[in-house]
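Residue numbers (numbering that gives the first Met the number 0): 0 to 563. Just so it is clear, CB atoms sit at the ideal spot from N, CA and C, and this is done for glycine as well. Presented below is the structure to which this report refers.
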Amino acid sequence: MVAGRRYVRRWQRLASLLLLIGLAWPLTASAPLSAARFTAPIAVRAPIGPLAIGINSHLTTRYPDAATMPIPAAIVADLGAQWVREDLHWHRIQPHPDTWDWVFTDAALYALHRQRLNILGVLGPSVGWATPDPTDRPDLISFAPPDETAFVAYASAVVQRYKHLVKHWQIWNEPDQAAFWRPVPDVERYTRLLIKTAAAIRAIDPTANIVLGGINPFDTAFLEAIAVYGGWQAFDVIAIHPYVDPLDPDEGNLIAAADGARAVAARYGPKPIWVTEFGWASGPGDRDPLGLTDAAQQADYLARAYLALWQGGISHAFWYMLKDDPHNPYGLFAYGSGRADFSAPKPVSRALRELTRHMRGAQTAERIETISRSPLLAGDQPLRWQRPAQPNGSLDYAAQAIRISYRFTTRDNDYLAQALTEPIPLPADADALAIDLFGDGSGHWLRLWLLDCEGETFAVTAGVIGPAAWQTLRVPLSRRAAQYEQIAGVGNGRPDWPLALAAIVIDDHRDDWSGMGEVWIARIDALNGALAYALCLWRTDGSSALIDYPSSRNAASASTPPCR
Ligand SMILES: [Ca+2]
Ligand SMILES: [Ca+2]
Ligand SMILES: [Ca+2]
0 MVAGRRYVRR WQRLASLLLL IGLAWPLTAS APLSAARFTA PIAVRAPIGP LAIGINSHLT
60 TRYPDAATMP IPAAIVADLG AQWVREDLHW HRIQPHPDTW DWVFTDAALY ALHRQRLNIL
120 GVLGPSVGWA TPDPTDRPDL ISFAPPDETA FVAYASAVVQ RYKHLVKHWQ IWNEPDQAAF
180 WRPVPDVERY TRLLIKTAAA IRAIDPTANI VLGGINPFDT AFLEAIAVYG GWQAFDVIAI
240 HPYVDPLDPD EGNLIAAADG ARAVAARYGP KPIWVTEFGW ASGPGDRDPL GLTDAAQQAD
300 YLARAYLALW QGGISHAFWY MLKDDPHNPY GLFAYGSGRA DFSAPKPVSR ALRELTRHMR
360 GAQTAERIET ISRSPLLAGD QPLRWQRPAQ PNGSLDYAAQ AIRISYRFTT RDNDYLAQAL
420 TEPIPLPADA DALAIDLFGD GSGHWLRLWL LDCEGETFAV TAGVIGPAAW QTLRVPLSRR
480 AAQYEQIAGV GNGRPDWPLA LAAIVIDDHR DDWSGMGEVW IARIDALNGA LAYALCLWRT
540 DGSSALIDYP SSRNAASAST PPCR
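Here you go:
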């Protein structure tokens with residue numbers, strides 16, 4: 000543990016030094032990169048404290064019997080999670096302007112509280128009588144934006160009633176999705192609702208925390224627009240829903256899920272980042288109609304995903320969800336004979352119980368990797384690049400690194416693709432690519448174009464261009480087609496190996512962005528064996544434990560110390 004901390008401090012000092020260099024570095028041709036470039040990049044991703052494990056329990060809205068609510072609450076507690084996420088649906092609490100019904104919310108929240116579970120309460124969506132949509136039935140749920148005064152009154156009543164049980168309030172669910180803010184998301188209007196509701200909640204309970212509505216982290220335009228519309232001070236916690244299914248946690252690069260939100264937060268003010276939904280179904284579901292993930296894989300992915308999110312700087316992560324819906328099997332328990340049936344735990348239940356047992360008291364983690372690196376491209380070995388088709392920037396070599404300068408001028412999608420004259424073949428056994436880059440804090444996307452053996456070109460997203468410091472972006476290279484986006488060429492539509500690196504692409508993180516910047520790449524390596532790593536957990540009692548990361552099914556056989 001001590002060694003690990005010293006390691007971190009050394010990198011923090013180097014990061015500060017590089018930051019100073021970066022700041023004193025006005026886009027000149029001979030930047031002083033060489034002194035730092037042969038040391039390893041900073042660990043930009045690391046646990047920021049213990050991981051709070053949560054579940055989307057939905058007892059308030061989905062468990063059918065208020066009288067027996069202690070039963071499912073005990074089942075949730077038995078899984079070992081510390082947090083639950085509960086919907087406080089407006090149409091059930093206030094079905095008419097003058098009717099208040101607290102039966103199910105009282106039953107669920109008190110039962111969960113008695114199990115010592117922390118509760119994240121979700122406020123919203125609309126009730127029909129409070130929207131202008133004439134097709135809404137007045138007493139039913141609606142996803143149209145609500146009358147703001149009525150919404151604030153409902154939120155205030157809920158917070159007044161439960162402020163001693165609930166300290167974290169999420170304003171709406173997924174306001175950036177058309178399914179949940181109809182007919183189309185309206186960030187200006189959401190931000191206004193957020194500001195008004197947050198002010199009302201803080202007036203009632205100054206110790207309350209306001210959590211953003213759970214947004215897609217792979218498109219940060221909505222998050223940034225909240226700041227532009229003046230909403231950044233209205234919330235305490237950024238919440239993201241990084242669904243990557245049917246990709247697995249490694250293919251989906253879940254460890255990097257928070258990078259985009261963090262880049263936005265670096266511009267407007269840092270805040271904790273929570274994952275208030277993530278998960279995989281155990282068969283055909285909303286996001287994966289083919290059902291590419293089965294029950295065993297769902298269990299396998301659960302632990303890998305929680306640990307990847309933790310490594311990625313997430314402090315709270317809520318699995319979606321406790322129980323299957325009839326046609327959406329994301330649950331820990333099968334639907335069985337109905338919403339009150341908890342008799343059929345799926346393999347993923349056991350995986351969660353094992354994970355919570357291992358994680359009890361764990362403060363920090365250290366990844367023990369057994370990968371090998373082989374260099375693909377290095378900044379001190381200049382290659383030939385083609386002039387890009389777009390007049391959006393240039394590439395040259397300086398200070399033993401590739402320097403890519405970009406200038407995006409339009410309010411539409413801008414990108415700069417720098418293509419190699421001769422694409423570089425990837426080793427046949429490559430599991431991932433690692434890109435060591437010095438960012439500019441822009442938060443733009445770095446993508447790679449890969450050429451397959453049929454001549455088709457595919458794009459993969461390497462990650463987010465982070466702060467002015469060295470960082471490593473890791474791109475998993477799945478053998479499954481789902482990860483890749485075909486952009487050119489004629490063939491079977493799948494990436495057929497061997498692949499070759501064809502281009503490095505910078506894409507503006509939101510299309511209406513314009514401006515200029517500069518990114519340096521010291522090297523790109525191929526990694527082999529990327530999945531063969533383990534996680535060493537350090538606990539408050541001084542003990543440590545080694546967990547096999549690749550498969551939670553093996554977690555029961557996790558060995559005890561020493562980690563090394
Ligand atoms: Ca192909
Ligand atoms: Ca773009
Ligand atoms: Ca643009």
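Return the chain-ordered list of same chain residues with a C-beta closer than 7 Å to the C-beta of residue i, the five sequence neighbours on each side being excluded.
i      : result
GLU223 : VAL263, ARG509
ARG201 : ALA207
ALA177 : VAL183, PRO184
ALA260 : PRO216, THR219, LEU222, ILE237, ILE239, ILE272
GLU484 : PHE457, ALA458
GLN159 : ILE203
ASP258 : GLY462, VAL463, GLY465
ASP175 : PRO184, ILE214, ASN215, PHE221
THR355 : ILE52, LEU78, GLY79, ALA80
Give every residue of the same chain whose Cβ lies closer than 6 Å to the Cβ of residue i, excluding the five residues on either side of it in the sequence, and list them in chain order.
i      : result
ALA388 : none
LEU22  : For LEU22, the pLDDT reaches just 31, beneath the cut-off of 50, and the residue's location in the model is therefore unreliable, although a value from the coordinates is still provided. Hits under 6 Å: none found.
GLU173 : PHE179, GLY213
PRO248 : TYR300, ARG303, ALA304, ALA307
ARG538 : GLY360, ALA361
SER477 : GLU250
HIS167 : LEU119, ASN208, VAL210
THR196 : VAL151, ALA154, ILE170
SER393 : SER404
ARG473 : ALA431, ALA433
VAL234 : According to the sequence provided, residue 234 is Phe. The question's Val does not apply to it. Excluding sequence neighbours, PHE234 sits near ILE209, LEU211.
ARG479 : none
Per the DSSP calculation, residue i is bridged to which residue(s)?
i      : result
ASN327 : ASP324
CYS535 : GLU365, LEU545
TYR414 : ASP506
TRP518 : It should be pointed out that residue 518 corresponds to Val in this sequence rather than to Trp. DSSP, once it has assigned bridges, lists ILE403 as partnering VAL518.
TYR396 : ILE401
GLU484 : ALA458
PRO344 : PHE332
ILE434 : LEU472, ILE523
TRP384 : LEU419
TRP448 : ALA458, ALA502
Within a Cβ cutoff of 8 Å, which residues of the same chain sit near residue i, ignoring the five residues on either side of it in sequence?
i      : result
LEU331 : ILE54, LEU78, TRP318, MET320, LEU321, LYS322, PRO344, LYS345, VAL347, SER348, LEU351
ALA481 : PRO245, LEU246, GLU250, LEU291
GLY337 : PRO63
ALA199 : VAL151, ALA154, SER155, VAL158
For a quick check, are the C-beta atoms of residue i and residue j less than 8 Å apart?
i      : j      : result
LEU447 : PRO494 : no
ILE47  : TRP82  : no
GLY360 : ASP540 : yes
TYR396 : ILE505 : no
THR420 : TRP384 : yes
GLY311 : ALA400 : no
GLY442 : VAL463 : yes
ALA65  : LEU116 : no
TRP279 : TYR329 : yes
ARG372 : TRP519 : no
ILE503 : GLN417 : yes
PRO49  : LEU58  : no
PHE407 : TRP512 : yes
VAL157 : LEU122 : yes
PRO500 : ILE434 : Here residue 500 is Leu; the residue named in the question, Pro, does not match the sequence. For LEU500 and ILE434, no; Cβs fall outside 8 Å.
PHE277 : PRO325 : no
ASP86  : THR67  : no
ASP287 : ASN412 : no
GLY490 : GLU455 : yes
ASN252 : PRO475 : yes
Which complete beta strand (DSSP E) runs does the segment 139 to 185 hold, if anything under 3 residues is left out? Taking only runs of at least 3 residues, the beta strand (DSSP E) segments lying wholly in the segment 139 to 185 are 167 to 170.
For the 8 Å Cβ check, are there 3 or more pairs between the segment 371 to 382 and the segment 515 to 525? Result yes; three or more Cβ-Cβ pairs closer than 8 Å.
Restricting to runs no shorter than 4 residues, where is the alpha helix (DSSP H) found entirely within the segment 220 to 270? Considered as a whole, the segment 220 to 270 harbours 220 to 227, 258 to 267 as its complete alpha helix (DSSP H) runs of no fewer than 4 residues, in chain order.
Should the segment 465 to 474 be regarded as contacting the segment 434 to 452, the criterion being three or more beta carbon pairs within less than 8 Å? The segment 465 to 474, when compared against the segment 434 to 452, does touch it at the 8 Å Cβ threshold.
Would you check if there are 3 or more beta carbon pairs closer than 8 Å linking the segment 186 to 205 to the segment 216 to 235? The segment 186 to 205 vs the segment 216 to 235: in contact.
Using 8 Å as the threshold, is the segment 83 to 98 in touch with the segment 124 to 131, meaning 3 or more CB pairs across them? The segment 83 to 98, when compared against the segment 124 to 131, does touch it at the 8 Å Cβ threshold.
Would you be able to state if there are at least three C-beta pairs under 8 Å between the segment 133 to 145 and the segment 109 to 118? Counting Cβ pairs under 8 Å, fewer than three are found: no touch.
Enumerated in chain order, which unbroken segments of the beta strand (DSSP E) with a length of 3 residues or greater are wholly contained in the segment 36 to 90? As far as the segment 36 to 90 is concerned, its whole beta strand (DSSP E) runs of at least 3 residues are 51 to 55, 82 to 87.
With a floor of 4 residues, list each alpha helix (DSSP H) that falls wholly inside the segment 95 to 130, ordered by position along the chain. If only complete runs of 4 or more residues are kept, the segment 95 to 130 shows the alpha helix (DSSP H) at 102 to 113, in order along the chain.
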